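> Please find one structure pasted underneath; my questions will follow.
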Amino acid sequence: MNAPVTPESRALLEGKDLTMRFGGLVAMAEVDFSLRKGEVLGIIGPNGAGKSTLLNIITGLYVPSSGEVRLEGELLNGQPAHRIVAKGIARTFQSSRLFADLSVLDNVIIGRHTHMKTGIFDAIFNRRKAEAELDAAAELAERLLKAVSRELHAQRHRPAGELPQADRRRLEIARALASEPKVLLLDEPSSGMDDSDTDALMDDIRSVCAERPELALMIIEHDMRLIASLPQRVLVLDYGQKLAEGTYEEVRLIPRVQEAYLGRKGAQHAQA
Amino acid sequence: MTEQLLQQILNWITLGSIYALIAVGFSLLFGVLNIIHFSHGDVALMAPFLALALVQTFATAIGAAASPGVMLLAVALAIALTGLLGVLLDFVVIQRFRNAPAMMALVATVALGIVLRDLIRHLFPNGSNPHAVPRLVQGSVDMLGVTVPAFNLVAIAVSGLCVSGLFYLLGSTRLGLHIKAVSQDRDAARLLSIAPGRIFRITFFIASAVGAIGGLFFAGYAGIVRFDFSVDVGLIGFSAAVVGGLGSMPGAIIGSLVIAGLDTLVQAVVPNGAAYRLVFVFLLVIGVLVFRPAGLFGRTVVEKV
Amino acid sequence: MTDMTIPARATLGTAGGLALVALTEIAGAAFLRQFLLVDDWRAVVGLLALFAGALVAMQRLPVIEANIEQAFGANRRFAMLFGTAIVLAFPFVLQNSSYALHLLIIAQLYAVLALALNFQLGSANIPNFATGASYGIGAYASALLALNWDVSFWLALPASAVVATIFGFLLGIPSMRTRDSYLALVTIAFGVVVHQLLNNLEFTGGPNGLVGIPAPELFGHSFASPLVIFGHSLPSQANFYYLSALLVGVSILFAGRLHHSRIGLAWNALRADELAARCQGINATWYKVLAFAVDAFLAGFAGTIYAFYVGFISPDNFTFLVSVTIMTMVIAGGMDNTLGVIVGAFLLTLLPEKLRAFSDYRILFFGITVIAFLMIRPQGIFPQRLRRYGG
Chain U
19 MNAPVTPESR ALLEGKDLTM RFGGLVAMAE VDFSLRKGEV LGIIGPNGAG
69 KSTLLNIITG LYVPSSGEVR LEGELLNGQP AHRIVAKGIA RTFQSSRLFA
119 DLSVLDNVII GRHTHMKTGI FDAIFNRRKA EAELDAAAEL AERLLKAVSR
169 ELHAQRHRPA GELPQADRRR LEIARALASE PKVLLLDEPS SGMDDSDTDA
219 LMDDIRSVCA ERPELALMII EHDMRLIASL PQRVLVLDYG QKLAEGTYEE
269 VRLIPRVQEA YLGRKGAQHA QA
Chain D
2 MTEQLLQQIL NWITLGSIYA LIAVGFSLLF GVLNIIHFSH GDVALMAPFL
52 ALALVQTFAT AIGAAASPGV MLLAVALAIA LTGLLGVLLD FVVIQRFRNA
102 PAMMALVATV ALGIVLRDLI RHLFPNGSNP HAVPRLVQGS VDMLGVTVPA
152 FNLVAIAVSG LCVSGLFYLL GSTRLGLHIK AVSQDRDAAR LLSIAPGRIF
202 RITFFIASAV GAIGGLFFAG YAGIVRFDFS VDVGLIGFSA AVVGGLGSMP
252 GAIIGSLVIA GLDTLVQAVV PNGAAYRLVF VFLLVIGVLV FRPAGLFGRT
302 VVEKV
Chain V
10 MTDMTIPARA TLGTAGGLAL VALTEIAGAA FLRQFLLVDD WRAVVGLLAL
60 FAGALVAMQR LPVIEANIEQ AFGANRRFAM LFGTAIVLAF PFVLQNSSYA
110 LHLLIIAQLY AVLALALNFQ LGSANIPNFA TGASYGIGAY ASALLALNWD
160 VSFWLALPAS AVVATIFGFL LGIPSMRTRD SYLALVTIAF GVVVHQLLNN
210 LEFTGGPNGL VGIPAPELFG HSFASPLVIF GHSLPSQANF YYLSALLVGV
260 SILFAGRLHH SRIGLAWNAL RADELAARCQ GINATWYKVL AFAVDAFLAG
310 FAGTIYAFYV GFISPDNFTF LVSVTIMTMV IAGGMDNTLG VIVGAFLLTL
360 LPEKLRAFSD YRILFFGITV IAFLMIRPQG IFPQRLRRYG G
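Structure below.
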């Protein structure tokens, strides 16, 4: 690994002037962001503000119309999604997209895909090697599952589709961590969870970060409790534009932010 | 030379019109139900067999050769029955796969096509053999120095009428509005008290009946029909819809004309071209899919994440 | 979806396990033997009922299934050796019936084709209606090599598999940009194009096909002559029986190794959710093309053996309907389950042959079978199983 001069000074992941147009619709306009090693960045904004678009651009699912994304200085745009994972960016999905008919363990092992090397000829003619690699991945996956949640580990031989909602989210995080990412992107990890599940999730995320001090996190969230306590910095998006950026305490005081987001969402949250 | 050219152009437009009648069905069903009804061609080519059987039945009943009026009645009945057949297939099989993975509906409808073909083979008298199909419209017209069979003109006119009718129906009627609503968002349509099930049935009826007209013209144009003609017809109709852009009605028509044009051109220019026509058509389809996956007029759909 | 019965605890010791493995394999072989030799349609129906009964019993009493599974898992080497012995000995108990051997060869070739398609349809959820075309490409490539350049069977076999694989790659290329129905159209179109070309090109013999493909020879023994083992003479079909059995063995090996590797996992991931798979670092395009290539490779082998077995091939041996037949076998047997796929291939090859009255309706039967399975039991006779790790 070629370490940057001073880890604090340089951004691990940064986006510049990111713009995304679908036909005539501008989903994102000139958004900048940066993320340092070990940092947790929260992204908030009303529905349709462009939060998921941002994640999809970073992970290579969308190619931005203009602007650039760089990981450790290397340009990412235009690279296919599977290569971006290999470079160290992993994600979860808002509507958890697990491999439902595969076991929990298989889901995590697939998360290690980029760290395995077995090709078609190895698989067929060099069984010992292929099996050793897979067994090692399985062992690692077991450890990872155990670390994320003992309950989940106990269910490792069940099909992922049978898990309850909270465990699905955990499994998605475990699967993403299996690729040993430098940056982990969480897309509304608490959606569909009640308060106690969300508390548990926050603890899980904290322990994940504690074990991996270098890991940078980007969390899209609606749940203000989570946003208030986890991220060091919050980025507010509205209508595809960056509205504000700063600590939660700073951001929540900006009137336009309150109007655009906290007012509406806060009210909703109070009801929930 | 010009005469020949005009003749070829006429063939092209006729063939394109007939293909269009089948292609719009693919596009309509895809637009509304979001499935590829792979047996649509087989449904369409059920019509000529039904018409032949009906003519035979009527002739036996009245004890004389069928008059043009009787034949017209048989044709009309065949179109209606084919429309109902589409509804029936949806009711018995296809609707079970509404929420299933796309691949299941796909394989099921391919199998359905096989079943339909084999039913004709077993149930229709001499079902394995080709059957002569008389043209309802005889005679010819002289146009621009070319002798044009009236049949071609009728085929083009009827196809034009059907397609305009469809455009009118979808664009300017209440039913069309409901169909559009269901195709865009089933659940939202349900909230507006539009029953998607009913709309699906109507769509299947329309697509199958229009397809039936195409099937009848196809059989009349070829002068003969056999149980397995529907493989090619279905593939060509689907290809036309794909080339034009699935879900787009104008696309289906343009696609049909493009494919019919290539078909006619190959038969006219390439030696022994008739044997290779499908090869060329499919190379075009593969090319379009590779370079413009959404077709000429389709919109690229971005998967929601 | 996979059945999630909590595995009942196995109750057998080592000796019991070995006995159970042997018993299961013998029972399977005995059943197949009866099925091959039986003539009366009532007896066929009876055997089918027996088969269905056994399946239902396994479903009702998971303990039986768990014990069998456990026994096979614990005694894999023995199961393999004993199974091989049964396969080797099988022709000797067929009362020298060349017809039974012929059926076995065809069933085994279809088993290979079904296993080939299973990589796509079962593992990766890619609809491929062109396996029959790859089968044909293999057959024609080897036959042309043998007829025009006197290439021996043993050289033509790998050569034609390579040719089929190249075509498989080409067919796979559109899968980079297209999915589901579009891809299905491409594969159907490919099948039709291949059929039309074979039917019309001069060097493939047009609709008459190719005749006089010479029988293979091995150490001076012609595959066209009876096979004499230990003074016991078997019909000449036995040569091809052993050859195709070997190919089935190789295919099972392929299937097992690919399934239990990163590649099988990647295919399964694509099947479940392509987008999520890409976000785990899986190169969707490559793995899809790979599935096409593996399918074509095995189908090419099967095609070569077929061509040299019957000695005469024509385009009509490799139509769209052949592809659909193969697909029926995979779906009915059980997608992504090797045993299921093989059982599906044997059942659907033998049934129309055994129920003569029925054989005219074979196509109709296949069509209805597919639809019925998709509607009633989409997981097939033998559903896919979850992987197990660490022995």
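Protein chains in written order, with the working numbering: chain U, 19 to 290; chain D, 2 to 306; chain V, 10 to 400. The beta carbon of each residue, even a glycine, is placed where N, CA and C say it ideally should be. Given the structure is predicted, the values throughout are model-derived calculations rather than measurements.
Could you please tell me which residues of the segment 268-280 of chain D, in chain order, have their CB closer than 8 Å to any CB of chain V?
If the cut-off is 8 Å between Cβ atoms, the segment 268-280 of chain D has Asn273, Ala276, Tyr277, Leu279 and Val280 near chain V.
> Cβ of Val331 of chain V less than 9 Å from any chain D Cβ?
Here residue 331 of chain V refers to the residue found at position 322 of the third sequence. Taking Cβ atoms only, chain D never reaches closer than 9 Å to Val331 of chain V, which makes this a no.
> Sort out for me which residues DSSP pairs Lys34 of chain U with in a bridge.
Position 16 of the first sequence holds residue 34 of chain U. BP columns for Lys34 of chain U point to U:Glu86.
> Mind checking the segment 189-210 of chain V against chain D and listing, in chain order, the residues whose C-beta falls within less than 7 Å of any C-beta there?
Taking 7 Å as the Cβ-Cβ cut-off against chain D, the residues of the segment 189-210 of chain V that qualify are Asp189, Ser190, Tyr191, Ala193, Leu194, Val195, Ile197, Ala198, Val201, Val202, Gln205, Leu206 and Asn209.
> Does the distance from the CB of Leu180 of chain V to the CB of Thr196 of chain V come in under 9 Å?
In the third sequence, counting from the first residue as 1, residue 180 of chain V sits at position 171. In the third sequence, counting from the first residue as 1, residue 196 of chain V sits at position 187. Cβ distance < 9 Å, so Leu180 of chain V and Thr196 of chain V count as in contact.
> May I ask you to list, following chain order, the residues of the segment 230-250 of chain D that have a beta carbon less than 9 Å from some beta carbon of chain V?
The residues in question are Val232, Asp233, Leu236, Phe239, Ser240, Val243 and Leu247.
> Using a 10 Å radius around the Cβ and a threshold of 16 neighbouring Cβ atoms, would you call Trp158 of chain V buried or exposed?
What you label residue 158 of chain V is simply residue 149 of the third sequence in a count that begins at 1. That one is exposed.
> If we ignore side chains and look at the alpha-carbon of each, how far apart do Ala173 of chain V and Ser143 of chain V end up?
For the purposes of this step, residue 173 of chain V is taken as the residue at position 164 of the third sequence. For the purposes of this step, residue 143 of chain V is taken as the residue at position 134 of the third sequence. One C-alpha to the other measures close to 6 Å.
> So, Leu152 of chain U versus Met134 of chain U, is the Cβ gap smaller than 9 Å?
Within the first sequence, the letter at position 134 stands for residue 152 of chain U. Within the first sequence, the letter at position 116 stands for residue 134 of chain U. Against a cut-off of 9 Å, the Cβ pair of Met134 of chain U and Leu152 of chain U comes out as a contact.
> Determine the DSSP secondary structure at Glu263 of chain U, reduced to helix, strand or coil.
Here residue 263 of chain U refers to the residue found at position 245 when the first sequence is read from its first residue. The answer is strand: DSSP assigns Glu263 of chain U an E or B state.
> For a contact defined as C-beta to C-beta under 8 Å, what are the partners of Pro136 of chain V on chain D?
In the third sequence, the residue the question calls residue 136 of chain V occupies position 127. The contacting residues are Met104, Leu107 and Val108.
> Could you tell me whether the Cβ of Leu36 of chain U comes closer than 9 Å to any Cβ of chain V?
The residue labelled residue 36 of chain U in the question sits at position 18 within the first sequence. It does not; no Cβ of chain V falls within 9 Å.
> Measuring only between beta-carbons, confirm whether Leu130 of chain V sits less than 9 Å from chain D.
Position 121 of the third sequence, counted from the first residue, corresponds to residue 130 of chain V. Yes, contact with chain D.
> What is the DSSP secondary structure of Ser225 of chain U, counted as helix, strand or coil?
The count along the first sequence starts at 1 and reaches residue 225 of chain U at position 207. In this structure, Ser225 of chain U counts as helix in the three-state DSSP scheme.
> Under the three-state reduction of DSSP, which class applies to Leu227 of chain V: helix, strand or coil?
Here the question's residue 227 of chain V lines up with position 218 in the third sequence. It is a strand residue.
> Considering only residues of the same chain and omitting the five flanking positions on each side of Asp189 of chain V, which have a CB-CB separation below 8 Å?
In the third sequence, counting from the first residue as 1, residue 189 of chain V sits at position 180. Once the five neighbours on either side are set aside, the close Cβ partners of Asp189 of chain V are Pro136.
> Could you pull out every unbroken alpha helix (DSSP H) segment of at least 4 residues lying fully inside the segment 311-335 of chain V, listed in chain order?
Qualifying alpha helix (DSSP H) stretches: none in this window.
> Less than 9 Å between CB atoms is the rule here; does Ala296 of chain V satisfy it with respect to chain D?
Taking the third sequence and counting its residues from 1, one reaches residue 296 of chain V at position 287. The displayed chain sequence assigns Tyr, not Ala, to residue 296 of chain V. No - not a single Cβ of chain D is within 9 Å of the one on Tyr296 of chain V.
> What is the DSSP secondary structure of Leu255 of chain U, counted as helix, strand or coil?
For this step, residue 255 of chain U is matched to residue 237 along the first sequence. Residue state, collapsed to three classes: strand.
> Kindly indicate if chain V contains any beta-carbon less than 9 Å away from that of Gly264 of chain U.
Taking the first residue of the first sequence as 1, we reach residue 264 of chain U at position 246. No - not a single Cβ of chain V is within 9 Å of the one on Gly264 of chain U.
> Quick one: which residues of the segment 44-57 of chain V get their C-beta closer than 9 Å to a C-beta of chain U? List them in chain order.
Going along the segment 44-57 of chain V in chain order, one finds no residue with a Cβ nearer than 9 Å to chain U.
> Leu103 of chain V and Leu59 of chain V - do their beta-carbons sit closer together than 9 Å?
On the third sequence, residue 59 of chain V is found 50 positions in, with the first residue counted as 1. On the third sequence, residue 103 of chain V is found 94 positions in, with the first residue counted as 1. No, Cβ-Cβ distance for Leu59 of chain V and Leu103 of chain V is not below 9 Å.
> Which residues of chain V have a Cβ atom closer than 9 Å to the Cβ of Leu46 of chain D, listed in chain order?
Position 45 of the second sequence, counted from the start, is the residue given in the question as residue 46 of chain D. Those within 9 Å of Leu46 of chain D in chain V number zero; the least Cβ separation is about 16 Å.
> Against chain V, with Cβ distances strictly below 9 Å, would Ser167 of chain U count as a contact?
Along the first sequence, one-based indexing puts residue 167 of chain U at 149. Output row for Ser167 of chain U: interface = no.
> Cα separation between Gly215 of chain D and Ala158 of chain D?
Position 214 of the second sequence, counted from the start, is the residue given in the question as residue 215 of chain D. Position 157 of the second sequence, counted from the start, is the residue given in the question as residue 158 of chain D. Gly215 of chain D and Ala158 of chain D: Cα-Cα distance of roughly 12 Å.
> Kindly list, in the order they appear in chain V, the residues whose Cβ is closer than 8 Å to that of Ser197 of chain U.
What you label residue 197 of chain U is simply residue 179 of the first sequence in a count that begins at 1. By Cβ distance, chain V contributes Gln289 and Gly290.
> Starting from the beta carbon of His269 of chain V, find every residue of chain U whose beta carbon is closer than 9 Å, and list them in chain order.
Against the third sequence, residue 269 of chain V aligns to sequence position 260. The contacting residues are Ala141, Arg145, Ala148, Glu149 and Leu152.
> Is there a Cβ from chain D that is less than 9 Å from the Cβ of Arg186 of chain V?
Position 177 of the third sequence, counting from 1, holds the residue named residue 186 of chain V. Taking Cβ atoms only, chain D reaches closer than 9 Å to Arg186 of chain V, which makes this a yes.
> Does the segment 204-217 of chain U come into contact with the segment 156-166 of chain U, if we say contact requires no fewer than three beta-carbon pairs (one atom in each stretch) closer than 8 Å?
Contact between the segment 204-217 of chain U and the segment 156-166 of chain U is absent, because fewer than three Cβ pairs lie under 8 Å.
> Check the Cβ of Phe263 of chain V against every Cβ in chain U and list those closer than 7 Å, keeping chain order.
Your numbering for residue 263 of chain V matches position 254 in the third sequence. Those are Ile142, listed as they occur along chain U.
> Thr294 of chain V and Ala116 of chain V: beta carbons closer than 9 Å?
Within the third sequence, numbered from 1, the residue matching residue 294 of chain V stands at position 285. Within the third sequence, numbered from 1, the residue matching residue 116 of chain V stands at position 107. The answer is no: Cβ separation not under 9 Å.
> Could you tell me if the beta carbon of Thr174 of chain V falls within a distance shorter than 8 Å of some heavy atom in the ligand FAD?
The ligand FAD is absent from the structure shown, which contains no ligands of any kind.
> Any beta-carbon of chain D closer than 9 Å to the one on Met67 of chain V?
Stepping through the third sequence from its first residue, residue 67 of chain V is reached at position 58. By this cut-off, Met67 of chain V is not an interface position.
> At 4 residues or longer, what runs of the alpha helix (DSSP H) sit wholly inside the segment 111-166 of chain U?
The segment 111-166 of chain U contains these whole alpha helix (DSSP H) runs: 122-129, 138-143 and 145-166.
> Thinking just about the alpha-carbon of each residue, which of V:Glu283, V:Ala281 and V:Phe310 is nearest to the one in Leu255 of chain V?
For this step, residue 255 of chain V is matched to residue 246 along the third sequence. Minimum Cα distance to Leu255 of chain V is reached at V:Phe310.
> State yes or no: is the beta carbon of Ser121 of chain U nearer than 9 Å to at least one beta carbon in chain V?
Along the first sequence, one-based indexing puts residue 121 of chain U at 103. It does: the Cβ of Ser121 of chain U has a partner Cβ on chain V nearer than 9 Å.
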